[in-house]
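J.:
There are 2 protein chains.
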Amino acid sequence: MWCNAAMDRVRTDAGARPPRATIIDVAREAAVSPATVSRVLTGTKPVSADLEQRVRDAVNRLGYRPNPAAQGLLRGATHAVGVVVPDVGNPYFAEVLKGVTNAAEESDFRTLVADTGEKGGAEHDAALELSRWADGVVLCSPRMPQRELAKLAQAVPHLVCVNRVGRGGQVPAVVVDFEAGMAGICRHLRELGHRRVAYLRGPARAWSERARQRALRAASGPDFEVFQVPCGSSSVDGHRAADAALATGATAVMAFSDYVALGVLARFDELGVSVPRDVSLTGFDDIALSELLRPRLTTVRVSKQDLGRRAWELFASSGAIDGADETGRVVTASAELITRDSTAPPAGAITPLPKTAKA
Amino acid sequence: MWCNAAMDRVRTDAGARPPRATIIDVAREAAVSPATVSRVLTGTKPVSADLEQRVRDAVNRLGYRPNPAAQGLLRGATHAVGVVVPDVGNPYFAEVLKGVTNAAEESDFRTLVADTGEKGGAEHDAALELSRWADGVVLCSPRMPQRELAKLAQAVPHLVCVNRVGRGGQVPAVVVDFEAGMAGICRHLRELGHRRVAYLRGPARAWSERARQRALRAASGPDFEVFQVPCGSSSVDGHRAADAALATGATAVMAFSDYVALGVLARFDELGVSVPRDVSLTGFDDIALSELLRPRLTTVRVSKQDLGRRAWELFASSGAIDGADETGRVVTASAELITRDSTAPPAGAITPLPKTAKA
DNA sequence: CTGTTAGCGCGTTCAC
DNA sequence: GTGAACGCGCTAACAG
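Chains as they are written, first to last, in the numbering used here: chain A, 9 to 367; chain B, 9 to 367.
#1: Decide if E103 of chain A is buried, meaning its Cβ has at least 16 other Cβ atoms within 10 Å, or exposed.
#2: The beta strand (DSSP E) that contains Q236 of chain A, what's its start and end?
#3: Where does the unbroken alpha helix (DSSP H) through S288 of chain B begin, and where does it stop?
#4: What residues from the stretch 256-283 of chain A come within 8 Å of chain B, judged by C-beta to C-beta, listed N to C?
#5: Given V170 of chain B, which residues of its chain have a CB within under 8 Å of its CB, disregarding the five upstream and five downstream residues?
#6: Exposed or buried, what is R209 of chain A when buried is set at 16 or more other beta-carbons lying within 10 Å of its beta-carbon?
#7: Since C169 of chain A sits in a beta bridge, which residues does DSSP pair it with?
#8: Using a Cβ-Cβ cutoff of less than 6 Å, which residues in the same chain neighbour I31 of chain B once the five nearest sequence positions on both sides are dropped?
#9: With a threshold of 8 Å between beta-carbons, can A78 of chain B be considered close to chain A, or not?
#10: Rounding to the nearest angstrom, what Cα-Cα distance links I193 of chain B and R218 of chain B in this structure?
#11: State the Cα-Cα distance for the pair S228 of chain A and V234 of chain A, rounded to the nearest angstrom.
#12: I'd like the list of long-range same chain contacts for P303 of chain A, defined as Cβ closer than 6 Å, with 5 residues on each side in sequence excluded.
#13: Quick check: the stretch 75-94 of chain B against the stretch 284-291 of chain B, are there 3 or more CB pairs under 8 Å?
#14: If we define contact as Cβ-Cβ less than 8 Å, is R151 of chain B a contact residue for chain A?
#15: Taking only beta carbons into account, state which residues of the stretch 235-257 of chain B come closer than 8 Å to chain A, listed in chain order.
#16: Quick test of the definition: if touching needs 3 or more C-beta pairs under 8 Å, does the stretch 257-266 of chain A touch the stretch 289-298 of chain A?
#17: Where do the ends of the beta strand (DSSP E) carrying T109 of chain B lie?
#18: With DSSP as the reference, identify every bridge partner of A88 of chain B, one or two as the case may be.
#19: Confirm, please, whether the CB-CB distance from G144 of chain B to A89 of chain B is below 8 Å.
#20: Could you check which residue in A:T256, A:A38, A:V272 has the C-alpha nearest to that of D245 of chain A?
#21: For the beta strand (DSSP E) that V339 of chain A lies in, which residues bound it at each end?
#22: List the residues that DSSP assigns as beta-bridge partners of I32 of chain A.
#23: Can you have a look at R62 of chain A and say buried or exposed, based on whether 16 or more other CB atoms are within 10 angstroms of its CB?
#24: Taking its Cβ as the centre, do 16 or more other Cβ atoms sit within 10 Å of S242 of chain A, making it buried, or is it exposed?
#25: Based on Cα-Cα distance, which residue from A:V310, A:E344, A:G201 lies nearest to F101 of chain A?
#26: Are P165 of chain A and A260 of chain A closer than 8 Å when you measure CB to CB?
#27: One question on the structure: do A206 of chain A and A274 of chain A come within less than 8 Å of each other, judged by their Cβ atoms?
#28: Please tell me whether L147 of chain A has its Cβ less than 8 Å away from any Cβ of chain B.
#29: Who are the near neighbours of V18 of chain A in its chain, counting only those whose CB is closer than 7 Å to its CB and skipping five residues on each side?
#30: Along the alpha helix (DSSP H) that carries V281 of chain A, what are the first and last residues, could you check?
#31: Tell me the DSSP bridge mates of V308 of chain A?
#32: Just to confirm my understanding: we take T109 of chain A, look at its own chain, exclude 5 residues before and 5 after, and list those with CB closer than 7 Å. What are they?
#33: DSSP on D294 of chain B, reduced to helix/strand/coil?
#34: Can you check the stretch 195-225 of chain A for any alpha helix (DSSP H) of at least 4 residues that lies completely inside it and give the ranges in chain order?
#35: Would you kindly check if the distance between the Cβ of R151 of chain A and the Cβ of P211 of chain A is under 8 Å?
#36: Does any residue of chain A bring its CB to less than 8 Å from the CB of P211 of chain B?
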């Protein structure tokens, strides 16, 4: 009955399917007990140099790698974090994701990603599903309603939010200071002399959108009128909403994000509207592309990778690794205005329609 | 010694950590055996309507979700695919990733992502690591040497490549017809009257780069000179290499990809070089941004999501799901030239230096 | 220091 | 149509 894996391999060699070696195969190969192999690999208990070498050789020879499912089953932890993002294609989230991944890697954690395709309704399920696989979940800019989030926080052991604080900050979160950033943009535009500006709204349910709205309300007044234009969070949304923004007669357009501004810029170009000559344009986030675009976008710098890293740290300190259960912290990341080429003083005349604007 | 999970739960209730319910908890709740619960959930064997309802109720009440680790252990499969990409921030890979994810989802498979940060040396380990967690791995545009790939293919049960065919097509792969695409670009430029063109090279080890080179060799001749300029695969690389491209005196610049062309465009603008008036520019891949840029980029359309989907299908048909082991297929995706605004006939005079070009 | 034993949560045999 | 028992790969408890 010692017909072991090595034998099988020979027989199935034609199929070239190398069956994964188990710890028992390694133990047999090294002529030790499975426990010794485990000890060498996990380093929990000392093992004599001789045996250790034999085990290491066997591991290399067989190409053995422990099965994480079995490890997870036993330890009750998977050594993985889940990350839920609205859209990996959005450079903003791609960066946040990288931040989490890099930080997690340092602690030897794997990252699992779920893309909800900007469908707020899918977030809850995605997080729940990820939580089956991972020890915790990082929720990026969730659009789900407050009470859904609260319920989720009870079902998912280690939940961390990015750019969303739950009711009373029950859920640990790292958020950008959108209010300050948006205020900076408003101040900048006002100083340039703009009095009528349009704002391209992001997803209504986004927490960050509401924070921006607070800043907008605070900044607006008789000498600084803000026209709200429904838009969205993608370049395509920006492209679509650009005409409406122009129609407000504003001399400056504030986009929800750089990614949105990208689409706006393209549409403006199609319409023959020059930025910043005819109209000023601002973004938010400072994605890498913004410096490559022409004109270079005036925006608010957010350290996106850092956001991801901070989220990881929140996860780690919430007891996911050691036992120090420190729930409910909310950390705020700064947002700094970056003035570039897409903003300038308004032209003498108000431009109610793009076509006439050019004429 | 029957101090079970339910007991523990009561004690740690203060921490508000809801421990995941097990199938046994559900069975107790529904007053049936664990086996019955399993049968209801997997639907493998018929169960009486009465019991089925009781089980479903219990599942909902407890919020029970089967532990995938345990399932994986038992079934010897995890119901997950790994995807290794050089850079998730690259819109190209983001799209391919989405393609895999969407297709996998339909078969109820989860997607695990590893980002190698464009470090070819990290690919091997990343794939190996992913293969511990997943039933197979999709390797996107791997830069690793041929023999490393061959070795990897033996260690990873279900390996599929995107944009890379291994020696003799041993590894199932879906590849873009780079050669045809590149040939199309060359023909287009030639027809416009360009005789001296620069090519911004991608990563030397990329299979797709070698395919492009074949097309370039075939197209080049006394009346179509191609100047090779080392570059890379990111926008930043393109930005850096733009000057060198101009210095060749070419009237058209072919970028490795749209993503690279983006950086080139930005640099050209800084230099006051107008596209396509002073110099024509082409990309490859047709990422969404390319239509938003000004000028809109002439490029080669590649259905990126489809690439991902086809990779998934290759994985699925390689016996990862059923047993139909159909190894070594290589499928080729078409590449279609999209003529937009960044290419035009060359200006009358050759432009050896950007500054003089404008004057 | 090392080997043996038990069991993590689940699905799938077997008996009934 | 249902329940009891076994084992997936691994490691933490015990024995020696």
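Note that beta-carbon positions come from the ideal geometry of N, C-alpha and C, so glycine has one too.
T.: So, to answer that:
#1: Buried, since its Cβ has 16 or more Cβ neighbours within 10 Å.
#2: 233-238
#3: First-last for S288 of chain B: 288-290, but that is the beta strand (DSSP E), not the alpha helix (DSSP H).
#4: Taking 8 Å as the Cβ-Cβ cut-off against chain B, the residues of the stretch 256-283 of chain A that qualify are L270, G271, L273, A274, D277.
#5: V104, V146, L147, C148, S149, A181, V182, V183, L315, G316, A319
#6: buried
#7: DSSP lists A:L147, A:A181 as partners of C169 of chain A.
#8: P42, V45
#9: yes
#10: It is roughly 16 Å from the alpha-carbon of I193 of chain B to the alpha-carbon of R218 of chain B.
#11: 6 Å
#12: V283, D349, S350
#13: no
#14: no
#15: Taken in chain order, the members of the stretch 235-257 of chain B whose beta-carbon sits within less than 8 Å of a beta-carbon on chain A are S243, V244, H247.
#16: yes
#17: Looking at the DSSP string, T109 of chain B is not in any beta strand (DSSP E); the run it does join, the alpha helix (DSSP H), is 99-114.
#18: According to DSSP, residue pairing for A88 of chain B in a beta bridge involves B:R118.
#19: At residue 89 of chain B the sequence reads Val, which differs from the Ala that was named. Cβ atoms of V89 of chain B and G144 of chain B: closer than 8 Å.
#20: A:V272
#21: For V339 of chain A, the uninterrupted beta strand (DSSP E) run begins and ends at 338-341, by DSSP.
#22: Beta-bridge pairing links I32 of chain A to no other residue.
#23: buried
#24: buried
#25: The shortest CA-to-CA distance from F101 of chain A to any of A:V310, A:E344, A:G201 is the one to A:V310.
#26: no
#27: no
#28: no
#29: Note that V18 of chain A has pLDDT 28, beneath the 50 cutoff, so the model's placement of it is unreliable and no number is given.
#30: First-last for V281 of chain A: undefined, no H or E at that position.
#31: DSSP lists A:L345 as partners of V308 of chain A.
#32: The beta carbon of T109 of chain A sits closer than 7 Å to those of T119, all from its chain and outside the five residues before and after it, given in chain order.
#33: coil
#34: Listed in chain order, there is nothing to give.
#35: yes
#36: no
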